[in-house]
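Under this note's numbering, the first residue of the sequence shown is numbered 509, with each subsequent residue one higher. Read the structure below first, then the notes.
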Amino acid sequence: MRMTRFIAWLFAAACVVSGGVRTSAQVPVPFPGAGRGAAVVQTAPDLSAGVPLYPAAQFLETFDAGKGQQYHLYGTDAPFAEIVTYYKTTLKNSGRVIFQGPLMHQFDLGRFQEDAMAYPPSVVVKDYTWNGQTGYLHVAGSTSTRYKTIIQIVKPPER
């Protein structure tokens, strides 16, 4: 009898220490966040201020670079070499190779002024098929598209 009471007492003490007998596991509840708004649709920027755009390039999106500048991304399925040749001819500038792998080529559009600019005004072409890659994945809403070559254009800040 004493042994039964002792076991019952141990069981009760164990329940108190462990927080009671649990019948089901707790399920985590996600933290309530701000409601999702409608997706912002970006329109292609006006590049008429002397910045040429490869004719088959598709506008992807714009990012803030700071100091009044923006990165404008365009995608195309044209080969990297074709895009580089287009900009060499159009800008009458040979540009320079930034990286060999993945291939990146930069064409300067003006002088970089550190106090007034976040990034040099330029056109940067990047090969997204390097080393067997399938291309740059751009997702807009529920649609995803891959582009072989990406063109990044940064204009000088507006004055």
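Don't be surprised by glycine CBs; every beta carbon is placed ideally from N, CA and C.
- Pairing Pro-629 with Gly-574, the inter-Cα distance amounts to about 13 Å.
- Here the C-alpha atom of Pro-665 lies approximately 5 Å from the C-alpha atom of Gly-576.
- Proximity of the region 643–660 to the region 576–589 meets the contact definition, three or more beta-carbon pairs being nearer than 8 Å.
- The three-state reading of DSSP puts Leu-561 in coil, since its state is none of H, G, I, E or B.
- As computed with DSSP, Gly-583 is found in a beta bridge with Gln-566, Ile-658.
- Distances from the alpha-carbon of Gln-614 to those of Val-559, Ile-606, Thr-593 put Ile-606 closest.
- Counting only runs of 3 or more residues that sit fully inside the region 586–630, the beta strand (DSSP E) segments are 604–608, 611–616, in chain order.
- Going by DSSP, Tyr-644 is part of the beta strand (DSSP E) stretching over 644–648.
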